[in-house]
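>
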Amino acid sequence: MKPKNKFQQKAVEASKKLPPLTPAQERWAYTKVIEPVGRRTENGLVYCLDCGEVFHNDTKRKHCNCPNCRTKLYIEDTRKQKFEQRMYAIYITACEGLQVIRVFSVDYYAKVGTAPRYSHTEVMQRWIAPNGKYCTLARNRVWGTMYYDSWIYSSDLELHNETWAYDQIDTSDIYPRMKLIPELKRTGYKKGFYGQTPKDLFCALLTDNRAESLLKMGQDDLLRLYLNDHSRNINDYWPSIRIAVRNGYKVTDATMWCDYLDMLRESGKDLHSPKYVCPADLHREHDRYMNKLARLETDREIAENLPSYLRKETAYRKAKANFFGLVFSDGHIDVRVLESVREIVLEGKAMHHCVGSYHSKADSLILSATIDGKRLETVEVSLSKLQVIQSRGVCNGQTEYHDRIVNLVNRNMPLIRKRIAA
Ligand SMILES: [Zn+2]
């Protein structure tokens, strides 16, 4: 494709001035991006495919240094004779006032008994103008295969219309020394990619004031959330972010903080007040509001369907009252039987899972596991089988206490059995 504007023309011209990789850049690709292989046999002997040294290493570790050539080896436990790797090595540099992301395909071929072969070829360049516009120079690719990166190495680096495929190339192995254009330096950017590709991050910083502001304010985790979670509207949080910054408050868990602000808004709290916006213990305040809103919602639902709720409550009491008062503890974790439909519905809302409807299950006993009153998991026991059917934490997940909770309930099953007989 021929250049269509001055910027593309400039990128194509500048491309010819880019130097080959320095020895240090090349060494990095061959030792850090590629992982030279050490082949381990069943008796724990490692054969270094780089220098042919044989040494003993029967640890479980997947990496070790060759005592002869000092190469860091990736250990493969295999009888295989040939090893191949193809990786991408990324170099970030500046040229003629443009930001460049250079992408090299790095190849490794090693065979037992011969010297390994390393090679690299530049396959793609992303050129970014100070205004955030970008274009792509790349080699041609083989069409019609299932791979988007079957490069034709004999083709030249040419201007290509932006396509989906170029964005799919893995750009996670980035050479640690970068050269940046002044416009990018002025955004306050130093390092890190916030879950973005270098191209997307740089373009965002050069074109989006919000991204640049978050970076300048040192709110790294908010920047990460802003760039990665497009379901949230940053404008909803912006006034509170400014309050936080003014009060020297750094948001370390942006997802939880934004969820917390949403709950403050729902509770009618002042989103401009540092008292609410900058909690000393975010985790605790988040949980406190979550429980509060769950209680309000449960009671609202109950009030709206009071006659039917009262019927359910009576039925539940009749079916499960025998088990009320049952509490198991190992001194740390407490597990207790939930004693009303309201408690079960509340548990489901607070834990974001569907236990709320389980009060009508005849064969099930529902218990709540807590530490210091904080909910961990909800336990369902089958009364006919006297077994834990499931134990689930927030959003149906498992906590680190899962096995202990299940064991605690199983150990105390005789107490449940006794209540059935009563
Ligand atoms: Zn070696």
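625 is the number of the first residue of the sequence shown in the numbering used here; add one for each residue after it. Built from N, CA and C at the ideal position, the CB exists for glycine as well.
(1) Give the single residue among 883, 659, 864 whose Cα lies nearest to the Cα of residue 797.
(2) Just how far apart, CA to CA, sit residue 1000 and residue 857?
(3) What would DSSP say about residue 1079, mapped onto helix, strand or coil?
(4) Looking at the strands, I want to know which residues DSSP matches up with residue 775.
(5) Does residue 788 pass the burial test, meaning 16 or more other C-beta atoms within 10 Å, or should it be called exposed?
(6) Per DSSP, residue 826 forms a beta bridge with which residues?
(7) Could you name the residues of the same chain whose beta carbon sits closer than 7 Å to that of residue 1018, not counting the 5 residues immediately before and after it, in chain order?
(8) Report yes if the C-beta distance between residue 969 and residue 1005 is below 8 Å; otherwise report no.
(9) Which residue marks the beginning of the beta strand (DSSP E) containing residue 782, and which one marks its end?
(10) Let me check understanding here. Comparing Cα to Cα, which of 664, 705, 733, 676 lies closest to residue 699?
(11) Is the segment 726 to 741 in contact with the segment 661 to 679, if contact means three or more CB pairs nearer than 8 Å?
(12) Less than 8 Å between the C-beta atoms of residue 835 and residue 851, yes or no?
(13) Nearer than 7 Å: is that true of the beta carbon of residue 659 relative to any heavy atom of ligand 1?
(14) Taking contact to mean at least 3 C-beta pairs separated by less than 8 Å, is the segment 675 to 685 in contact with the segment 716 to 724?
(15) Could you please give me the residues that DSSP links to residue 733 through a beta bridge?
(16) Go through the segment 626 to 703 residue by residue and report every complete run of the beta strand (DSSP E) that reaches 3 residues or more, in order.
(17) Straight-line CA distance for residue 626 to residue 749?
(18) For residue 675 versus residue 689, is the C-beta spacing smaller than 8 Å?
(19) Please classify residue 744: is it buried, with 16 or more other beta-carbons within 10 angstroms of its beta-carbon, or exposed?
(20) Within the chosen definition, does the segment 710 to 717 reach the segment 799 to 807 through at least 3 CB pairs nearer than 8 Å?
(21) Look up residue 760 in the DSSP assignment and give the residues it is bridged to.
(22) Locate the alpha helix (DSSP H) running through residue 888, then write down its first and last residues.
(23) What separation, rounded to the nearest whole angstrom, lies between the Cα atoms of residue 1041 and residue 952?
(24) Beta strand (DSSP E) containing residue 994: first to last residue?
(25) Going by C-alpha distance, which of 795, 842, 656 is nearest residue 819?
(26) Could you check whether the segment 927 to 938 touches the segment 898 to 918, counting it as contact only if at least three pairs of C-beta atoms, one from each stretch, sit closer than 8 Å?
(27) At the level of alpha carbons, what is the spacing between residue 687 and residue 1035?
(28) Do you know how far the Cα of residue 1028 is from the Cα of residue 996?
(29) Spatial neighbours of residue 948 within its chain, please: C-beta separation below 8 Å, excluding the five flanking residues on both sides.
(30) Using a Cβ-Cβ cutoff of less than 6 Å, which residues in the same chain neighbour residue 846 once the five nearest sequence positions on both sides are dropped?
(31) Does the separation of the CB atoms of residue 751 and residue 742 fall below 8 Å?
(32) Could you compute how far the alpha carbon of residue 666 sits from the alpha carbon of residue 685?
(33) Would you kindly report the start and end of the unbroken beta strand (DSSP E) that includes residue 958?
(34) Hey, which residues come within less than 6 Å of ligand 1, measuring from Cβ to any heavy atom, in chain order?
(35) Give me, in chain order, the residues of the same chain whose beta-carbon lies closer than 7 Å to that of residue 1037; leave out the 5 immediate sequence neighbours on both sides.
Let's see:
(1) 659
(2) 31 Å
(3) With the chain covering 625 to 1046 only, the question about residue 1079 has no answer from this structure.
(4) 765
(5) exposed
(6) DSSP lists no partner for residue 826.
(7) 975, 976
(8) no
(9) 782 to 784
(10) 664
(11) yes
(12) yes
(13) no
(14) no
(15) 708, 741
(16) 661 to 664, 669 to 672, 678 to 680, 687 to 689, 696 to 701
(17) 16 Å
(18) no
(19) buried
(20) yes
(21) 750, 784
(22) 878 to 890
(23) 14 Å
(24) 988 to 995
(25) 795
(26) no
(27) 43 Å
(28) 16 Å
(29) 961, 963
(30) 838, 875, 878
(31) no
(32) 14 Å
(33) 958 to 961
(34) 672, 674, 675, 677, 690, 692, 693, 695
(35) 1010
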